[in-house]
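Here the structure comes first, spelled out in structure tokens, and everything after it is commentary.
Protein chains in written order, with the numbering used here: chain P, 1 to 287; chain Z, 1 to 310.
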């Protein structure tokens, strides 16, 4: 355990007979935590930007009377305002959170996402945009470092591509997840198949799509690379895809954090902070 | 147990979020914070210009894609008496001033502008708020106007001085009139129109003698406050682009007042707030330092990016 992590010795056994596996190299750990912080800022500043025009459309332009999704506030028959989320022809009362919420100090304000969810907390599109674009660059640079390192170190393949036996036992992995039972010992040295596929979709699908859909909204990029906006079916479609992808990333983070909690918070956190992950007591060694 | 953990988790995340928010907002309020956040804009400008040339055109669309309603935004009915006097006479007395770092200052009527070479383009207008509309614009390429005025070698930026007052310097009414973001202006004016009677057609019959953008001669004689009228700027990179036009027609008809009559800028590779409406004066300058608070435009001086390509 005290030994410095060396590539040729990614595993060690301590005096108590516990097996330790050097699971996460430094670059991966740094990229992970930077990514977590950057995504949080991007999400909250993104909600700030969304609040400036809280409606989504499909196609090139906005059809103002007929949005695909809208977060608004309206006056009910009793004269009281309420927050409403409208998706197509369905609407949902979301008073208190979406459309109508309380600002710091308790005053009711009409805004799509509430103050606690946006950066800045106040309605301030200009500053929200500045946060968003600066951190978008950090996301891209951090992502590029991660991908290049992962590609050349072999970490990306090892982490994201399921092995043959894992694909064959896909059903078994589903069952393990449903029972919240997770691999131990040598099996824990690699991610399980569902884990690998989820990370694969996130790293090579959702996050790049997020960046591309963001760029597709830029009038400058649209002039330079018109095919990019076309790829998403127009600027307003790109905006909607950007929003949906953000929702999927939030969903990923929620499930990810829950699974970290139920599959051993301390071991997982230690792994992502120090790199070392416990594989449990080695029976043969203990004997 | 899981429930307990979940509670801890949400509580913890909430606390962290609040701390982060407060910290971020404080950071953004400092000079260092402001400068740091500006790095993203510089990177966007640099990289986008690597990917395009001055002549790269924004996408043009078929006539069938023109939006049935082109959402007017920002000022939709300038409150200024001088402007209203011009509008009442269908802009017959309108003159566009071209001055600053030019060899030959120009004063052009609408007829003069329409006699110059024209360009018609169907483009998408992207508001900073997120919405888009497609419209057909016709106007004179800015490059044609600049060619006739002749640029002095020091000229770097083109500044557009507009007719519409957005607020009054240092006044409480300014706060009332001042919109929070480009799209909120309309609502502010609706409120204002309800609160104050603008008196319909202006009483003044003589042509306005307002030197637009200099702020020294307020046409509203009874109002001693200094109006802050809309202003914008672009650099020569965008000024010489063929699609950068001073538009006088929208969808085949003279520009309506709500969309910037009689003349508005179209700079198609950037966002809506760069498309200055009610343009009265085109000034060539070497630096933006002397314009407004130095940001290069009304919204730029209120925190928005000067480079609005994203």
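C-beta: ideal position from N, C-alpha, C; glycine also.
- request: Out of 232/Z, 34/Z, 130/Z and 28/Z, point me to the one whose CA is closest to residue 67/P's CA.
  value: 130/Z
For residue 127/P, the three-state DSSP class (helix, strand or coil): helix
query: How many whole angstroms separate the CB atoms of residue 310/Z and residue 218/P, which I take to be in contact at a CB cut-off of 8 Å?
result: 4 Å
- request: Could you name the residues of the same chain whose beta carbon sits closer than 7 Å to that of residue 132/P, not counting the 5 residues immediately before and after it, in chain order?
  value: Within the same chain, residue 132/P has close Cβ partners 42, 45, 46 and 49.
- prompt: Can you check whether the CB of residue 182/Z is closer than 8 Å to the CB of residue 128/Z?
  reply: yes
- request: Note the first and the last residue of the continuous beta strand (DSSP E) segment covering residue 278/P.
  value: 276-281
message: Could you check whether the Cβ of residue 56/Z sits closer than 8 Å to any Cβ belonging to chain P?
response: yes
- request: Could you give the DSSP three-state label for residue 126/Z: helix, strand or coil?
  value: strand
- prompt: So, does the CB of residue 168/P fall closer than 8 Å to a CB anywhere in chain Z?
  reply: So no, residue 168/P is outside the interface.
task: Throw me the rounded Cβ distance for the residue 18/P and residue 280/P pair, which I believe falls under 8 Å.
output: In this structure residue 18/P is in contact with residue 280/P, their Cβ atoms being roughly 7 Å apart against a cut-off of 8 Å.
- request: Spell out the partners DSSP gives residue 75/P in its beta bridges.
  value: 81/P
- request: For residue 289/Z, verify whether its CB is less than 7 Å away from any heavy atom of the ligand FAD.
  value: Here there are no bound small molecules, and the ligand FAD is not part of this structure.
task: Could you check if residue 165/P is buried or exposed, using at least 16 other CB atoms within 10 Å of its CB as the buried criterion?
output: exposed
query: Between which two residues does the beta strand (DSSP E) containing residue 91/P stretch?
result: 90-93
task: Report buried or exposed for residue 152/P, applying the criterion of at least 16 other Cβ atoms within 10 angstroms of its Cβ.
output: So residue 152/P ends up on the exposed side.
task: Using a Cβ-Cβ cut-off of 8 Å, state whether residue 132/Z counts as contacting chain P.
output: Yes - at least one Cβ of chain P is within 8 Å of the one on residue 132/Z.
task: Provide the residue(s) that pair with residue 266/Z in DSSP beta bridges, ordered along the chain.
output: 245/Z
field: Residues sharing a beta bridge with residue 167/Z, DSSP
entry: 228/Z
field: Contact set between residue 226/P and chain Z, taken where Cβ atoms lie within less than 8 Å
entry: 59
query: Out of curiosity, what's the CA-to-CA distance linking residue 27/P and residue 136/P?
result: Going by C-alpha positions, residue 27/P is about 19 Å away from residue 136/P.
message: Taking a contact to mean a Cβ-Cβ separation below 8 Å, would you say residue 225/Z touches residue 168/Z in this structure?
response: yes
Proximity winner among 56/P, 36/P and 14/P, relative to residue 88/P (alpha-carbon distances): 56/P
query: Touching or not, the region 69-82 of chain P and the region 91-101 of chain P, by the rule of three or more beta carbon pairs under 8 Å?
result: Yes, since at least three Cβ pairs between the region 69-82 of chain P and the region 91-101 of chain P fall closer than 8 Å, the two stretches touch.
task: Find the residues of chain P that neighbour residue 44/Z, judging by a C-beta separation of less than 7 Å, and give them in chain order.
output: At a C-beta separation below 7 Å, residue 44/Z has these neighbours in chain P: 133.
query: How many whole angstroms separate the CB atoms of residue 60/P and residue 214/P, which I take to be in contact at a CB cut-off of 8 Å?
result: That pair is no contact at about 17 Å.
- request: Evaluate residue 238/Z with the Cβ neighbour count: other Cβ atoms within 10 Å of its Cβ, from every protein chain shown; 16 or more gives buried, anything less gives exposed.
  value: With 16 or more Cβ atoms within 10 Å of its Cβ, residue 238/Z is classed as buried.
query: Of all the residues that make up the region 128-156 of chain Z, which are near chain P by a beta-carbon distance shorter than 9 Å?
result: 128, 129, 130, 131, 132, 133 and 134
task: Using beta-carbon positions only, say whether residue 156/Z and residue 53/Z come within less than 8 Å of one another.
output: With contacts defined by Cβ atoms closer than 8 Å, residue 156/Z and residue 53/Z do not form a contacting pair.
field: Min CB distance residue 295/Z to chain P below 8 Å
entry: no
field: residue 275/Z: first and last residue of the uninterrupted alpha helix (DSSP H) it sits in
entry: Where residue 275/Z is concerned, there is no enclosing alpha helix (DSSP H), given that its DSSP letter is neither H nor E.
task: Report the rounded CA-to-CA distance for residue 149/Z versus residue 298/Z, giving the unit in angstroms.
output: 25 Å
- prompt: Are residue 296/Z and residue 278/Z close, meaning C-beta to C-beta below 8 Å?
  reply: no
query: Are the CB atoms of residue 75/Z and residue 231/Z nearer to each other than 8 Å?
result: no
- request: Kindly list the residues whose CB is nearer than 8 Å to the CB of residue 15/P, restricted to its own chain and excluding five residues on each side of it in sequence; keep chain order.
  value: none
message: Determine whether the beta carbon atoms of residue 254/Z and residue 94/Z lie at a separation below 8 Å.
response: no
- prompt: Hey, is residue 130/P's beta-carbon within less than 8 Å of any beta-carbon in chain Z?
  reply: yes
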